[in-house]
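One structure below.
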Amino acid sequence: MSNKVKELIELYKKKGDTEYYGEKMTKTKHMLQCATLAFKNEEKEEIILACLLHDIGHFLADDDMDGYGVKDHGKLASEYLKNIGVSKKIYKLIEKHTDVKRYLVTKNINDYYNKLSEASKKTFEIQGGRMSNEELKSMDRDIKLADMIKVRIYDDKSKIRNREPYQMEKFIPLLEKYIK
Ligand code: FE
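Heads up: the sequence shown begins at 3 in my numbering, then just goes up one per residue.
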């Protein structure tokens, strides 16, 4: 295993076996569930890896949302991943994943807000609440929007306590491929 991948795995081992805010499961399990769902749906490799890595920002700073994690975890994750050499295709899908929630709520796509978990509803306001027209337009211009929405939907579906995901080992070859 390369040193960078090792470093990443160590981070999960050190920080990941802690509760995923308000969801009664660990952060690592949540991300593994997310990646497993994307894998089973035969998504592109960058979507699978974005799912696997999307919440590592919660490992990189202290909770600043009253027990619901790190507000800027998308940005922190994307900076960290960029620095360790993760492909831009991947960290760009993670950077705005809380904004994607705000986008989907504001557009009211498939009654999105009502389907969010209680914890995710709580953080919604802290993360900025509904989007302005300007913000919506800027999201609409993002060529990665469709892929970002996919990651977000898998994220929302990955909070099921008794569903066993693939283990981290399964994804190591992919990590090796996209971290240079
Ligand atoms: Fe998540």
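In this text, a Cβ means the ideal position worked out from N, Cα and C, and glycines have one as well.
Confirm, please, whether the CB-CB distance from residue j to residue i is below 8 Å.
i	j	result
K139	K94	no
G76	R104	no
I49	D149	yes
K17	F61	yes
What first and last residue would you give for the alpha helix (DSSP H) that runs through residue i?
i	result
K128	Here residue 128 is Ile; the residue named in the question, Lys, does not match the sequence. Taken as a continuous stretch (DSSP letters only), the alpha helix (DSSP H) holding I128 covers 120-128.
Y82	75-85
Y70	Counting along the chain, Y70 falls outside any alpha helix (DSSP H), and DSSP gives it neither H nor E.
E171	Note, E171: premise wrong, no alpha helix (DSSP H); not H, not E.
D157	147-158
D142	135-143
Y105	99-109
V7	5-17
H56	Premise fails: H56 is in no alpha helix (DSSP H) and is neither H nor E.
Considering only C-alpha positions, which residue in the set the options is nearest to residue i?
i	options	result
D57	T100, I86, E166	T100
A40	K152, L106, M3, K17	K152
D68	A148, A79, F126	F126
Q169	K31, S4, K17	K31
I128	T108, S160, V72	V72
R143	V88, Y23, V102, L55	V102
K46	I92, K6, S4, Y114	I92
Y23	D65, I96, N110	D65
S122	S80, K161, F61	K161
Y14	D74, A79, D113	A79
Quick check: does the Cβ of residue i come within less than 7 Å of any heavy atom belonging to the ligand FE?
i	result
D65	no
D19	no
D157	yes
D57	yes
Going along the chain, which residues of its own chain have a beta-carbon closer than 7 Å to the beta-carbon of residue i, five neighbours each way excluded?
i	result
K26	R163
T108	R132, M133, L138
K159	L39
Given residue i, which residues of its chain have a CB within under 6 Å of its CB, disregarding the five upstream and five downstream residues?
i	result
C53	C36, A37, A40, V153, Y156
P167	L34, Q35, T38
S89	Y180
Identify, in the order they occur along the chain, each residue of the same chain with its Cβ nearer than 8 Å to the Cβ of residue i, setting aside the five sequence neighbours on each side.
i	result
E9	I86
S4	E178, I181
L83	L55, I58, I92, Y93, I96
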